[in-house]
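Protein chains in written order, with UniProt numbering: chain U, 1 to 387; chain W, 1 to 387.
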């Protein structure tokens, strides 16, 4: 069998492969990116299954519409109106099989082989994978502490056939960094001059445990703004529910065609259940609990780093989300550290898969949401011993 | 915004667009392809939700493996061993977001722009859509009453860069036709001479209400056999669960990479629930009830056609599944009939979207699974009045 060029180019998930090694019982793993399972509202979701079936019967089990369950889209639109002041309506919202599928659909409808995609460097691995299927040219733009490097962004925008910019403005994966208000405004101004879409992927935005929420970069301002959201980090990832918000109707129509061809529609059972959950529970209170949990875990990791890490290892201090990003300023390759760390039974993700143009990097991603403060301290201590 | 060539080429679902017109209350619609909702085992699935959560807790709600829930894959493998005598194991089974996604993933990993795909003419619209995203060259091979035309198949196989053949061997969509035992053997012999994959998409195979089950064309025989199955027609389509069975490990590995990039993994909540349902209920008895239901509906449609249709309209007599295919031997275009039929408040799908190389055809697809025998009779009577 001869396989397609696109699949031969697409990296299999480095992280998923790493997880196979790091999943051993006695390893302390900061490698995953999983929400803490104690944050799942299991009892409430179970009640919502019952209630949704009682009210809607066979409609939970039948084929359904490609754009998604209307009341769920209305709920999402109302929330973005209320919380973010955006002029969005149910027809601007499109439900996807997790926001991973949103990335894949956007690539499909916008990218011809060789077209340009501007991506944060380092950037979200899942996005790199999804976009690679369309065989694009990646233009990496350095992610600084307050957002994209503006000069590099302008230069990248002047490259031929650039279709979109992909950003994670809040508590970015992998770095935990958040774009500043000033950078957001500057980026919006720059992007407005070009015929490109601006994707803001915001799965973590609600999980802010420090500082003030900031307005989006382009949503509500740029004609070709695409906002992505997800229920994976605040309700449940297992049900694979994400969404796209955009006012560009032509784009949404193409996305609908691509979605029909990809999986017809998103699991409608889960759409009914999540909608019922959102309509019947105090979601804000629920999210507050997750925030308190993650703040505690993030504090534990930062405190341990402060105590144990040598001075040549720098790290980010996230205001929310799930990740801390560390840099070995002495240039030690993260892959070397990884191998030694596995001997010490502690794991993380070496930075390499998050770059489209660099290898053997001296950075690493550490997740703090899936271990207790005590275990986090012990893991960081072990890791520090080999840095 | 400039959109990709692939999406501009991909037809949006003709059927889904038609459904918007035909969904009016007073229209008798044979246009859909929906299972009868009374066939969904709602109470048993509801009990399985409860039981699966009680037993497995947060695992239903967390991220999960890309290839799918192991016990579900084991169940499927054991069933194909038992029922079809195939030497398949859990590792040969890969869970997808409905079998629509299986089609899309296979296209992704095998097709470069311009590569050949051999497809039944007429063929399944969802497959045409999914494959079109990879910009292939379609080689249509006439589907005769007993399967593909063998001369056309050989000729198509000799075209450059043909990657696979797509078939629906049992109660095909759209025609309701089933490949004969002889044709299956002849096709297997022919295909064995070429380095191509043979896809057998079999969502309806269990819904046989007449005749004897037949062995697959290539499964268990051809090295590059790909068998597709689904729970959409026998349990519930709303949960979007399909699967791929193949012994080709390299192919499965590429499919895993494509799936990671597409939606990470299939809804794990639904995988636990469907597995629990299968393990806790008499599935065979359940399917028998659907078969009795559909046989009754199929009989009603065939009887009414016999009574009301003019002699120049021929139609297939399916041994199972969900569809009858009618041909206006006087050459009347189905699209003309469709417009007149809508005036009579009866709907069907004109044959056009099922062909990759013909338009304005004189064929139409009629679904009988979603109306009572009385309504079917009335609908066919109305339709006959304009034929």
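Heads up, the beta-carbon is just placed ideally off N, CA and C, and yes, glycines get one too.
Please report how far the alpha carbon of residue 138 of chain W lies from the alpha carbon of residue 146 of chain W, in whole angstroms. Taking the second chain and counting its residues from 1, one reaches residue 138 of chain W at position 138. Taking the second chain and counting its residues from 1, one reaches residue 146 of chain W at position 146. A direct Cα-to-Cα measurement between residue 138 of chain W and residue 146 of chain W gives close to 22 Å.
When we look at the beta-carbon of residue 331 of chain W and count the other beta-carbons within 10 Å, is it buried (16 or more) or exposed? The residue you call residue 331 of chain W lines up with position 331 of the second chain. Residue 331 of chain W counts as exposed, since fewer than 16 other C-beta atoms from the protein chains shown sit within 10 angstroms of its C-beta.
Tell me the DSSP bridge mates of residue 201 of chain U? If you number the first chain from 1, residue 201 of chain U lands on position 201. Beta-bridge pairing links residue 201 of chain U to U/228.
Is the beta carbon of residue 35 of chain U sitting closer than 8 Å to the one on residue 277 of chain U? Looking up residue 35 of chain U in the first chain gives position 35. Looking up residue 277 of chain U in the first chain gives position 277. No; because the gap between Cβ atoms is not below 8 Å, this pair is not in contact.
Looking only at C-alpha atoms, which of U/59, U/309, U/92, U/109 sits nearest to residue 74 of chain U? On the first chain, position 74 is the one that residue 74 of chain U refers to. The shortest CA-to-CA distance from residue 74 of chain U to any of U/59, U/309, U/92, U/109 is the one to U/92.
Cβ distance (whole Å) where residue 387 of chain U is taken to contact residue 328 of chain U below 8 Å: The residue given as residue 387 of chain U occupies position 387 in the first chain. The residue given as residue 328 of chain U occupies position 328 in the first chain. At roughly 7 Å, the Cβ-Cβ gap stays under 8 Å, so residue 387 of chain U and residue 328 of chain U are in contact.
Could I get the ranges of all uninterrupted beta strand (DSSP E) runs contained in the segment 230-313 of chain W, with 3 residues as the minimum, in chain order? Fully enclosed beta strand (DSSP E) runs of 3 or longer: 241-245.
Would you decide whether residue 129 of chain W is buried or exposed? Buried here means 16 or more other CB atoms lie within 10 Å of its CB. Locating residue 129 of chain W in the second chain gives position 129, counting from the first residue. Residue 129 of chain W counts as buried, since at least 16 other C-beta atoms from the protein chains shown sit within 10 angstroms of its C-beta.
Check each residue of the segment 61-79 of chain U: if its Cβ is closer than 8 Å to any Cβ of chain W, include it; give the result in chain order. Within the segment 61-79 of chain U, the qualifying residues are 61, 62, 63, 64, 66.
By DSSP, does residue 354 of chain W sit in helix, in strand, or in coil? For the purposes of this step, residue 354 of chain W is taken as the residue at position 354 of the second chain. For residue 354 of chain W, the secondary structure class from DSSP, reduced to helix, strand or coil, is helix.
Under three-state DSSP, which class holds residue 367 of chain U? Position 367 of the first chain, counting from 1, holds the residue named residue 367 of chain U. Three-state result, residue 367 of chain U: strand.
Could you spell out where the alpha helix (DSSP H) holding residue 150 of chain W opens and where it closes? Counting from one through the second chain, the residue named residue 150 of chain W turns up at place 150. First-last of the alpha helix (DSSP H) with residue 150 of chain W: 150-157.
When you compare the CB of residue 256 of chain W with every CB in chain U, is at least one pair closer than 8 Å? Here the question's residue 256 of chain W lines up with position 256 in the second chain. When Cβ-Cβ separations below 8 Å define contact, residue 256 of chain W makes contact with chain U.
Pick from U/321, U/258, U/319 that is closest to residue 66 of chain U, judged by C-alpha positions: Numbered from 1 along the first chain, position 66 holds the residue referred to as residue 66 of chain U. Residue U/258 is the option with its Cα nearest to residue 66 of chain U.
Which of helix, strand or coil does DSSP assign to residue 332 of chain W? The residue you call residue 332 of chain W lines up with position 332 of the second chain. Shown here, residue 332 of chain W sits in coil according to DSSP, grouped into three states, outside any helix or strand.
Does any CB atom of chain W fall closer than 8 Å to the CB of residue 120 of chain U? Numbered from its first residue, the first chain carries residue 120 of chain U at position 120. Residue 120 of chain U does not count as touching chain W.
What are the residues that DSSP puts in a beta bridge with residue 349 of chain U? Walking along the first chain from the start, residue 349 of chain U turns up at place 349. Residue 349 of chain U is bridged to U/365.
Where residue 143 of chain U sits in the DSSP three-state scheme: Within the first chain, residue 143 of chain U is the residue found at index 143, counting from 1. Note: residue 143 of chain U maps to strand in three-state DSSP.
Beta-carbon separation (whole angstroms), residue 68 of chain W vs residue 271 of chain W, contact threshold 8 Å: Taking the first residue of the second chain as 1, we reach residue 68 of chain W at position 68. Taking the first residue of the second chain as 1, we reach residue 271 of chain W at position 271. Contact flag correct, Cβ pair sits at about 6 Å.
Those runs of the alpha helix (DSSP H) which lie wholly inside the segment 111-139 of chain W and span at least 4 residues: List check, alpha helix (DSSP H) in window: 125-132.
Could you tell me whether the Cβ of residue 388 of chain U comes closer than 8 Å to any Cβ of chain W? This structure leaves residue 388 of chain U out entirely; chain U is present only between 1 and 387.
Using a Cβ-Cβ cutoff of less than 6 Å, which residues in the same chain neighbour residue 100 of chain U once the five nearest sequence positions on both sides are dropped? What you label residue 100 of chain U is simply residue 100 of the first chain in a count that begins at 1. The residues are 126.
For residue 48 of chain W versus residue 235 of chain W, is the C-beta distance shorter than 8 Å? Residue mapping note: residue 48 of chain W aligns to position 48 of the second chain, counting from 1. Residue mapping note: residue 235 of chain W aligns to position 235 of the second chain, counting from 1. No, the pair does not count as a contact, with Cβ atoms beyond the cut-off.
Could you run through the segment 235-255 of chain W and flag, in chain order, every residue whose CB is less than 8 Å away from some CB of chain U? Listed in sequence order: 236, 237, 238, 239, 240, 248, 250, 251, 253, 254.
Got a sec: is the Cβ-Cβ distance from residue 90 of chain W to anything in chain U below 8 Å? Within the second chain, residue 90 of chain W is the residue found at index 90, counting from 1. Cβ-Cβ to chain U under 8 Å: no for residue 90 of chain W.
Whole-number beta carbon distance between residue 6 of chain W and residue 108 of chain U, since they are thought to touch under 8 Å: Numbered from 1 along the first chain, position 108 holds the residue referred to as residue 108 of chain U. Numbered from 1 along the second chain, position 6 holds the residue referred to as residue 6 of chain W. Contact between residue 108 of chain U and residue 6 of chain W holds: CB atoms are separated by about 7 Å, below the 8 Å threshold.
I want to see whether chain U comes within less than 8 Å of residue 159 of chain W, judged by CB atoms only; does it? As a working note, residue 159 of chain W is residue 159 in the second chain. No - not a single Cβ of chain U is within 8 Å of the one on residue 159 of chain W.
Candidates U/266, U/298, U/260: which alpha carbon is nearest residue 12 of chain W's? By one-based count along the second chain, residue 12 of chain W stands at place 12. If we check each option's Cα against that of residue 12 of chain W, U/260 comes out closest.
Taking 8 Å as the CB-CB limit, is residue 262 of chain W close to chain U? The residue you call residue 262 of chain W lines up with position 262 of the second chain. By this cut-off, residue 262 of chain W is an interface position.
Using a C-beta to C-beta distance shorter than 8 Å, which residues of chain U count as neighbours of residue 5 of chain W? Numbered from 1 along the second chain, position 5 holds the residue referred to as residue 5 of chain W. Around residue 5 of chain W, the beta-carbon contacts reaching into chain U at under 8 Å are 112.
Is it the case that the segment 104-119 of chain W contacts the segment 159-171 of chain W, given that we only count it when at least three CB pairs across the two stretches are under 8 Å? With the rule of 3 Cβ pairs closer than 8 Å, the segment 159-171 of chain W counts as touching the segment 104-119 of chain W.
Need the endpoints of the beta strand (DSSP E) that residue 163 of chain W sits in, please. Locating residue 163 of chain W in the second chain gives position 163, where the first residue counts as 1. Element bounds for residue 163 of chain W: 162-167.
Nearest to residue 349 of chain U by CA position, among U/336, U/358, U/366, U/85, is which residue? To locate residue 349 of chain U, count along the first chain from 1; it is residue 349. Minimum Cα distance to residue 349 of chain U is reached at U/366.
Could you spell out the range, first to last residue, of the beta strand (DSSP E) harbouring residue 95 of chain U? Start at 1 with the first residue of the first chain, and residue 95 of chain U comes out as number 95. Residue 95 of chain U -> beta strand (DSSP E) spans 93-97.
Beta-carbon proximity check, residue 102 of chain U vs residue 242 of chain U, cutoff 8 Å: Along the first chain, one-based indexing puts residue 102 of chain U at 102. Along the first chain, one-based indexing puts residue 242 of chain U at 242. Yes, they are a contact pair.
Count the other CB atoms, across all protein chains shown, that sit within 10 Å of the CB of residue 311 of chain W; report buried if there are 16 or more and exposed otherwise. Position 311 of the second chain holds residue 311 of chain W. Residue 311 of chain W should be labelled exposed.
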